[in-house]
Structure formats: structure tokens, C-alpha cells
Amino acid sequence: MEIGVYWGCMILTSQYAYEMSLREVLPKFDISIIDIDQVSCCGTPIKNVNQKAAIYLAVRNLALAEKIGIDELLVPCNGCYLSFSEALHYWKKDDTLKRELGSLLAEEGLEFNGNIKLWHTVDFLHDKIGVEKIKAAVKKSLNSLKFVTHPGCHILRPSTIVNVDDPEKPRKLDNLLKALGAESIDYPEKLDCCGGGLLLSHSESALTIAGLKLKAIKSLNVDGLVVSCPSCKIMLGAKQEAVGAIVGEKFGIPVLYYTQLLGLALGIEEEKLGLHLNQSPVDKIIEKLT
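Going by this note's numbering, the first residue of the sequence shown is number 377, and it counts up by one from there.
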């Protein structure tokens with residue numbers, strides 16, 4: 377099958393490993409990626425300044441996908457996924473807004489019918505490809521490793537708009553991890569935010585929130601943390617040193633995208649999965665596997 381992909385800003389400008397690993401693992405399940413030309417920001421950064429403009433940006437990107445025949449769109453970034461989900465919600469709910477945005481789209485020769493299906497990485501792998509198919513494709517079991525997962529906020533809440541997983545007891549990322557042979561450890565702080573939403577306005581508070589979560593994870597003595605959001609990966613992985621300075625703790629927790637672990641289990645080379653780009657000590661994971 378073919379699937380359209382909207383990469384967003386962060387994946388293409390700093391979180392290259394997410395794109396690299398997705399491009400490597402999806403063909404293993406006979407899935408081809410369709411890239412979309414002329415897309416822009418999803419609209420999230422200006423939501424609190426001008427909600428209508430934010431919704432228009434999201435709808436415009438979805439219209440570009442529809443224009444080339446895409447009816448199912450994979451959106452790997454949690455923030456972009458929420459932005460598109462909100463745009464679809466308001467498009468279907470508010471007829472006045474629909475007419476206004478439709479007129480703006482027409483100025484670019486675009487139109488939007490609102491029937492596009494959105495997928496996030498987690499539910500696409502879990503529900504579309506399927507846990508059993510992933511389990512059957514594993515060449516190198518990760519049964520020597522145990523992890524905790526961090527699903528992130530924007531694919532769970534608000535639950536009236538997004539429905540990737542159960543907002544109170546998300547299990548899909550854990551199920552996907554178990555399909556690779558790894559152990560997934562539950563913990564009380566699983567639903568706690570990474571702090572990323574506050575980073576630009578209240579950086580110390582953001583780093584403190586991340587620090588409290590990392591301290592809880594460190595106490596579990598797991599092999600690493602598994603994420604599926606670029607912002608969460610930055611806060612909990614790349615910023616561990618800054619976070620440690622705020623909360624008075626030294627961390628050394630490997631943080632990986634699920635798609636990187638999936639690639640390892642499928643026998644894909646480490647460099648093709650962008651493991652050398654991870655800004656946390658993922659070499660600990662590689663050493664255990666070898």
C-alpha cells in the first residue's frame with residue numbers, strides 16, 4: 377500500500393532519525409511513502425495568537441494531500457497530529473468557518489472535502505499494520521531489554537478530538553514494544569507531560585517538569601525510554617544535561633524512537649536508523665544487543 381506522510385517542521389530540521397527510521401521500516405511491510413509538495417507549518421505555533429490562521433494552515437496542508445489523491449495521511453509528530461485533528465474537527469463543526477477557509481483555499485486553486493483519514497505512527501503501526509504482523513517480521517528479538525514508554529500528550533488529549541489510544545490507559549506503544557520481544561514497564565508518571573509546551577515561555581519550569589519525569593524513570597533501572605514525538609524526544613533525550621542541572625541529578629537514560637527499535641529488531645543497520653544522531657547514550661542499547 378501507499379501512505380502519504382506529513383513530516384512537519386521538527387522532524388525535517390532536527391529530528392532526522394525519526395524520518396530515517398520510518399523510511400527504513402515501512403518498506404519492510406510493503407508500504408510506500410508519498411511525500412507532499414508545497415506543504416507548510418501545521419499551524420501549531422500561532423494557535424494562541426490567531427486560531428483561524430492556524431486552522432487554515434492545517435487545512436491547506438490537508439488540501440494539498442487530497443489534491444494528489446491521498447485519502448490516508450501519516451502524521452508522525454504529535455503536535456502536528458493534534459493540529460490537523462483540531463482543524464478537521466472545526467471544519468466539520470463550523471459551516472461559517474468552512475466557507476471562509478474554502479474561499480481562501482480557492483485563491484490557491486485548492487479545495488478540501490474533509491474526508492481524509494489521519495494516522496499517527498503509534499496507531500498506524502498498531503492498528504493498520506498490526507502487532508502480529510510486526511511480531512512475525514522480527515529477526516532479532518529485543519528480549520534482553522526492558523523499557524518504559526512515553527506516549528506524549530497530543531495524541532491522547534483532548535480525547536474528544538484525538539483517539540490514537542486510550543487517554544487514561546494508553547497501551548498501544550507498550551504492545552508494539554512487546555511485539556519486539558522487549559519488556560515494557562508501567563509506571564505512575566507515564567502520562568506526565570515532557571514540559572515541551574513551556575520551553576519557549578517558561579524554560580525553567582519546562583526543564584523541571586522533564587526532570588521530575590526522568591528522575592522517576594531513572595529509579596526504575598530500565599534500559600531506556602521509548603517515545604514517538606519529536607518534541608518529547610528533545611525534552612527527555614537531548615536536554616538531559618540541562619534538565620539535570622535544574623533538578624540536581626545526573627541522567628544517562630537512552631531515549632529512542634519506537635521506529636528505531638523496530639528497525640533494529642528487523643535487522644536494519646544502526647546508521648540507517650539514525651542511531652548515531654541520538655543525543656542520549658543509545659550505545660548502551662547497542663552493546664546489550666551485540
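Every residue, glycine too, gets a C-beta built ideally from N, C-alpha and C.
* Using DSSP with H/G/I as helix, E/B as strand and the rest coil, what is residue 487? -> Working through the sequence shown from its first residue, we reach residue 487 at position 111. Correct three-state label for residue 487: coil.
* Do residue 622 and residue 559 have their C-beta atoms closer together than 8 Å? -> Residue numbering aside, residue 622 sits at position 246 when the sequence shown is read from its first letter. Residue numbering aside, residue 559 sits at position 183 when the sequence shown is read from its first letter. Contact: no.
* What span of residues does the beta strand (DSSP E) with residue 420 cover, start to end? -> As a first step, residue 420 must be located in the sequence shown, where it is residue number 44. Bounds of any beta strand (DSSP E) do not take in residue 420, whose DSSP letter is neither H nor E.
* 8 Å Cβ cutoff met for residue 379 and residue 407 -> Looking up residue 379 in the sequence shown gives position 3. Looking up residue 407 in the sequence shown gives position 31. Contact flag set, yes.
* Asked: Which residue or residues does DSSP assign as beta-bridge partners of residue 633?
  -> Translated into positions along the sequence shown, residue 633 becomes position 257. Residue 633 is bridged to 603.
* **Burial state of residue 652 (16 or more Cβ within 10 Å)** => For the purposes of this step, residue 652 is identified with residue 276 of the sequence shown, where counting begins at 1. Exposed, since its Cβ has fewer than 16 Cβ neighbours within 10 Å.
* **Three-state secondary structure (DSSP) of residue 530** => As a first step, residue 530 is located in the sequence shown; it is residue number 154 there, counting from the start. DSSP places residue 530 in the coil class of the three-state scheme, outside both helix and strand.
* Coil, strand or helix - residue 535 by DSSP -> What you label residue 535 is simply residue 159 of the sequence shown in a count that begins at 1. Looking at residue 535 - three-state DSSP - the assignment turns out to be coil, as it is neither helix nor strand.
* Start and end residues, beta strand (DSSP E) containing residue 493 -> For the purposes of this step, residue 493 is taken as residue 117 along the sequence shown, with counting starting at 1. First-last of the beta strand (DSSP E) with residue 493: 493-495.
* To do: Could you tell me the distance, in whole angstroms, from the CA atom of residue 525 to the CA atom of residue 518?
  => Working through the sequence shown from its first residue, we reach residue 525 at position 149. Working through the sequence shown from its first residue, we reach residue 518 at position 142. For the pair residue 525 and residue 518, the Cα-to-Cα distance works out to about 15 Å.
* Between the segment 640-649 and the segment 602-612, do three or more beta carbon pairs fall short of 8 Å? -> Judged by Cβ distances under 8 Å, the segment 640-649 makes no contact with the segment 602-612, as fewer than three pairs qualify.
* Note down the Cα distance separating residue 437 from residue 450, rounded to an integer number of angstroms. => On the sequence shown, residue 437 is found 61 positions in, with the first residue counted as 1. On the sequence shown, residue 450 is found 74 positions in, with the first residue counted as 1. One C-alpha to the other measures close to 13 Å.
* Name, in chain order, the residues that DSSP records as bridge partners for residue 524. => To locate residue 524, count along the sequence shown from 1; it is residue 148. Note: residue 524 sits in a beta bridge opposite 601.
* To do: Quick one: give me the first and last residue of the alpha helix (DSSP H) that residue 550 is part of.
  => As a first step, residue 550 must be located in the sequence shown, where it is residue number 174. 548-555 is the span of the alpha helix (DSSP H), which, as asked, contains residue 550.
* Leaving out five residues before and five after residue 501 in sequence, what residues of the same chain have Cβ atoms less than 6 Å from its Cβ? -> Along the sequence shown, one-based indexing puts residue 501 at 125. Around residue 501, the same chain offers 552 as residues with beta carbons nearer than 6 Å, after the five sequence neighbours per side are excluded.
* Flag this pair as yes or no: are the beta carbons of residue 422 and residue 430 separated by less than 8 Å? => What you label residue 422 is simply residue 46 of the sequence shown in a count that begins at 1. What you label residue 430 is simply residue 54 of the sequence shown in a count that begins at 1. When the beta-carbon positions are compared, residue 422 and residue 430 come within less than 8 Å of each other.
* Asked: residue 414: buried (16+ other C-beta within 10 angstroms of its C-beta) or exposed?
  -> Against the sequence shown, residue 414 aligns to sequence position 38. Here residue 414 is exposed. Its C-beta has fewer than 16 other C-beta atoms within 10 Å.
* Would DSSP call residue 478 helix, strand or coil? -> Taking the first residue of the sequence shown as position 1, residue 478 is located at position 102. Residue state, collapsed to three classes: helix.
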